[in-house]
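Here's the structure we're looking at; comments come further down.
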Amino acid sequence: MASQPIDPKRILLDKIKAKGGWVNAHAHIDRAYILNGDNFKLTDEALATKWDLSDEFKKNASVDDIYDSMARVVEDMIRQGVQALGSFIDVDPVIGDKAIQAARKLRDRYQDDIELIFINQVVKGVMDPEARKWFETGAEFVDIIGGLPEKDAGHEAEHLDILFETAKKNGGKPLHVHIDQYNSPDQRDTELLADKTLEHGYQGKVAAVHCISVGAQPAKYRQELYKKMKDAGLSVIVCPCGWIDNSWVAGQDHDVIGPIHNAIAPVKEMVAAGLNVALGTDNIRDIYKPFSDGDMWTELRFLLEACRFYDLDALADIASVNGKAALFID
Ligand SMILES: [Zn+2]
Numbered sequence: 000m001a002s003q004p005i006d007p008k009r010i011l012l013d014k015i016k017a018k019g020g021w022v023n024a025h026a027h028i029d030r031a032y033i034l035n036g037d038n039f040k041l042t043d044e045a046l047a048t049k050w051d052l053s054d055e056f057k058k059n060a061s062v063d064d065i066y067d068s069m070a071r072v073v074e075d076m077i078r079q080g081v082q083a084l085g086s087f088i089d090v091d092p093v094i095g096d097k098a099i100q101a102a103r104k105l106r107d108r109y110q111d112d113i114e115l116i117f118i119n120q121v122v123k124g125v126m127d128p129e130a131r132k133w134f135e136t137g138a139e140f141v142d143i144i145g146g147l148p149e150k151d152a153g154h155e156a157e158h159l160d161i162l163f164e165t166a167k168k169n170g171g172k173p174l175h176v177h178i179d180q181y182n183s184p185d186q187r188d189t190e191l192l193a194d195k196t197l198e199h200g201y202q203g204k205v206a207a208v209h210c211i212s213v214g215a216q217p218a219k220y221r222q223e224l225y226k227k228m229k230d231a232g233l234s235v236i237v238c239p240c241g242w243i244d245n246s247w248v249a250g251q252d253h254d255v256i257g258p259i260h261n262a263i264a265p266v267k268e269m270v271a272a273g274l275n276v277a278l279g280t281d282n283i284r285d286i287y288k289p290f291s292d293g294d295m296w297t298e299l300r301f302l303l304e305a306c307r308f309y310d311l312d313a314l315a316d317i318a319s320v321n322g323k324a325a326l327f328i329d
């Protein structure tokens with residue numbers, strides 16, 4: 000007799016629920032929903048250009064404006080059954096401490112409904128003295144220290160050293176680092192992050208966010224890299240919708256040759272290698288991702304389709320408990 004038809008989506012959603020619900024391990028909720036008729040035309044700019052294009056909003060926004068963006072995301076996460084949310088918040092010379100103030104208020108309001116973990120975004124880098132000052136201020140407030148080595152291009156190792164030293168100074172806080180975002184075979188920053196994690200004795204306290212360029216490397220390199228990442232205890236956080244377009248929009252004006260792959264970290268391989276992989280939404284309706292709506296199922300669907308990964312238990316873990324591990328929630 001033939002077995003009964005199944006609905007794999009239903010099975011997956013039930014498994015996620017049984018594990019306490021979704022975990023959104025990466026977002027930028029302070030800049031969500033800031034898309035408007037004027038800034039929509041900026042959506043086509045290159046990534047590194049966009050890093051400065053939110054400045055106008057950040058300069059003019061009040062703490063209440065930022066709080067409203069954050070609260071709208073958090074309400075939507077609660078509605079979806081998200082148990083924990085890890086979000087970067089900008090702390091830099093443009094926005095000052097406004098996102099910190101909004102985050103404080105947010106945690107007071109929602110702490111009984113959802114676990115909120117804050118990470119400081121360093122969209123102005125950590126090398127510039129004024130940016131560095133705000134980075135230090137952000138580092139004191141947040142639960143996890145955030146990084147973006149590409150902003151200090153040419154000084155990636157130095158940027159990482161500053162992150163680790165600052166994390167140690169702040170009682171050994173863990174790290175989340177945006178890494179290997181360009182989907183380029185010339186970029187090997189995930190390996191650098193693993194090396195730095197080992198060098199600083201920070202095993203098991205670092206999450207690598209995105210790792211898109213890993214898929215642009217040859218298979219043999221990838222397997223060696225996973226071993227090193229495992230030794231360093233690196234978690235990986237993927238945000239499928241945010242990056243699936245990254246085969247050509249990252250400011251590249253020429254063809255880049257590499258192994259054929261979708262623009263996402265090789266999740267299936269990473270899980271097989273024993274790495275902790277988690278899921279995030281990244282930007283929501285802003286100039287980076289005008290159509291991203293923070294829907295957790297859409298993110299998981301993109302992941303499983305882009306990687307052709309159908310292991311329901313592994314996917315349920317990625318969508319829930321792995322996120323808690325990546326956010327260092329016991
Ligand atoms: Zn991010």
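Once you know that position 224 of the sequence shown is 223 in numbering that gives the first Met the number 0, the rest is easy, because the numbers rise by one and skip nothing.
By construction, the Cβ of each residue, glycine as well, lies at the ideal position given by its N, Cα and C atoms.
Membership of G137 in the alpha helix (DSSP H) is indicated by the continuous run P128 to F140. Here A305 is near P239, since their CB atoms are less than 7 Å apart. Within its own chain, the residues whose Cβ lies closer than 8 Å to the Cβ of L311, once the five positions on either side in sequence are excluded, are P7, I10, L11 and K14, listed in chain order.
For the 7 Å CB-CB criterion, S234 and A98 do not form a contact.
Each residue's CA atom was taken as its position, placing N59 and D67 some 14 Å apart. With fewer than three CB-CB distances shorter than 8 Å, the region 183–193 does not count as touching the region 160–171.
Within the same chain, Cβ atoms closer than 6 Å to the Cβ of R30 are found at S53 and D285, the five residues on either side in sequence being excluded. Distance between Q110 and K219, taken at the CA atoms: about 45 Å.
Per DSSP, Q100 is one residue of the alpha helix (DSSP H) stretching across K97 to Y109.
In this structure I178 is not in contact with I143, their Cβ atoms being roughly 14 Å apart against a cut-off of 8 Å.
Taking 7 Å as the cut-off, the Cβ atoms of V72 and I116 do not count as close. Straight across, the Cα-Cα distance linking A17 with D316 is about 10 Å.
Annotation: H27 is outside any alpha helix (DSSP H) and is labelled neither H nor E by DSSP. Residues of the same chain with a CB within less than 7 Å of the CB of R221, apart from the 5 flanking positions on each side, are V213, P265 and E268 in chain order.
The secondary-structure analysis by DSSP pairs D281 across a beta bridge with A26.
Within the same chain, Cβ atoms closer than 8 Å to the Cβ of V81 are found at G20, W21, V22, N23, I113 and M295, the five residues on either side in sequence being excluded. A residue is called buried once 16 or more other Cβ atoms fall within 10 Å of its Cβ, and A152, having fewer, is exposed. Taking the C-beta atoms as reference points, V205 is found no nearer than 7 Å to I236.
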